[in-house]
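The structure under discussion appears below in the form of structure tokens.
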């Protein structure tokens, strides 16, 4: 019997047990009686089938030809289960991991399998004494890294989590954080996920004189990547896998001038020419261009990928400065809640009534029935609330939004970080966990390598650092 197997407890889930026993499950033929939906038998069959499906009986590693096709409905957990062997042993750094966000959800599922997950945020100390039972509207003051770490370890006690304070809007803070990363005893980082972003809002300059959205979403991440590049480049020699840098972009890049960045405004921001939506779009375009350019300049030593996570209601949409902008493009209603169907609104009203009466600590919340706890913890919506919504926007009289849950939104991040099938498409843009670079090309006629190169050179000048591969 392996001494490395964990001790299972009252809190252990079927998924956690099956993950630990995956080598004992693979290749088996199993018959289980009583497998109707919403029953114990069905849940057991589901987790057993997940482990059997992705392995051949004579191979300890996933058979790539049997990996599933991920879709709009796929969740981060489902993708991670399929790619578990590609995650095992990896050291991963992910920015922007506050609760109720895509980054936290990605970190949560990666931590089940990875060797190390470094979570980052601009505040390590902020405390939240009680976790309000707020199902659909995100909470205030969720930025504490300690809270994120505790939530991950509550589910996966064996998770190796390390907190890193990182303010991407400040070049000095980025340099300090990078210096800390470079002192870590681990010789390499396999995956760097740039998830953090600034909330959409009015014109604001950082201490370095950059526009705040571009600074946090692009310039800071660019500098961080450069400064820890030696750790990334060591991955190939140490772990035998090509390191990846993942950039969260958005379909909102289409609201800008194309997949390009206005370089004169990048260098000298101008309040008179500022538009919040355009600035957001250009920051997301910069992510697409940088993913392609880092792949090209490194000659494949680092694989860059960008992605659209989906239209998702996360904490960033509830920043006070962001709400008017989200309303202007139809993401939020005039009342400041997401555009959605009647079924979800009725459920939200009921949940709000509960919220007014109850506040639960994380421990008390965990004692709720498992099905209820899971839905509340991850903000999972009923099936009717995932149907296509229609919202009128300034860009189109009938703009359709396909809403995703946070669990679904983080799925494409896991794919970009670990799916072996996309290695042959460095620099690709992903949507719904599939390569979708053609969607970018369709909007701009081309993914301009000249624009990518010019942006790269300009940004190196702005941060005073030059990449070496």
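In our numbering, the protein residues as written are 1138 to 1606.
Ideal Cβ placement from N, Cα and C applies to all residues, glycine included.
Our two residues, residue 1185 and residue 1385, have alpha carbons roughly 32 Å apart in a direct line.
Around residue 1187, the same chain offers 1218 as residues with beta carbons nearer than 6 Å, after the five sequence neighbours per side are excluded. If you draw a straight line from the Cα of residue 1204 to the Cα of residue 1398, it is about 37 Å long. For the segment 1305-1377, the continuous alpha helix (DSSP H) assignments of 4+ residues that do not extend past its boundaries occur at 1308-1318, 1357-1364, 1366-1370 and 1372-1376, in sequence order. With contacts defined by Cβ atoms closer than 8 Å, residue 1330 and residue 1246 do not form a contacting pair. In this structure, DSSP gives residue 1250 a state outside helix and strand, which the three-state scheme calls coil. The beta carbon of residue 1428 sits closer than 6 Å to the beta carbons of 1384, 1441, 1442, 1443 and 1564 from its chain, once the five residues preceding and following it are set aside; these are given in chain order. Counting other Cβ atoms within 10 Å of its Cβ, residue 1381 reaches 16 or more and is therefore classed as buried. Take the alpha-carbon of residue 1541 and the one of residue 1448: they are about 6 Å apart. By the 16-neighbour rule on beta-carbons within 10 angstroms, residue 1555 is buried. Pairwise C-beta distances place the segment 1408-1420 in contact with the segment 1345-1353, as three or more of them are shorter than 8 Å. Close CB contacts of residue 1373 within its chain, under the 8 Å cut and outside five residues either way in sequence, are with 1379, 1380 and 1438 (chain order).
Assigned with DSSP and collapsed to three states, residue 1567 falls in strand. According to DSSP, residue 1229 shares a beta bridge with 1254 and 1328. Distance from the CA of residue 1357 to the CA of residue 1157, rounded to the nearest whole angstrom, comes to 38 Å. Residue 1147: not part of any beta strand (DSSP E); DSSP gives it neither H nor E. Here residue 1337 is buried: its Cβ has 16 or more other Cβ atoms, across all protein chains shown, within 10 Å. Our two residues, residue 1283 and residue 1544, have alpha carbons roughly 21 Å apart in a direct line. For residue 1257 against residue 1233, the beta-carbon gap comes to about 7 Å, under 8 Å, which counts as contact.
As a beta-bridge residue in DSSP terms, residue 1442 pairs with 1383. Nearest C-alpha to residue 1242 among 1224, 1368, 1214 and 1291: 1214. Just so you know, the alpha carbons of residue 1296 and residue 1585 end up roughly 41 Å apart.
Its chain contains 1162, 1184, 1185, 1187 and 1188 as the residues whose beta carbon lies nearer than 8 Å to that of residue 1155, once the 5 sequence neighbours on both sides are disregarded; these appear in chain order.
Residue environment analysis places residue 1293 among the buried positions, since at least 16 neighbouring C-beta atoms fall within 10 angstroms of its C-beta. Spanning the alpha carbons of residue 1362 and residue 1224 requires a straight line of approximately 20 Å. Residue pairing for residue 1142: DSSP places it in no beta bridge.
A residue is called buried once 16 or more other Cβ atoms fall within 10 Å of its Cβ, and residue 1366 is buried on that count.
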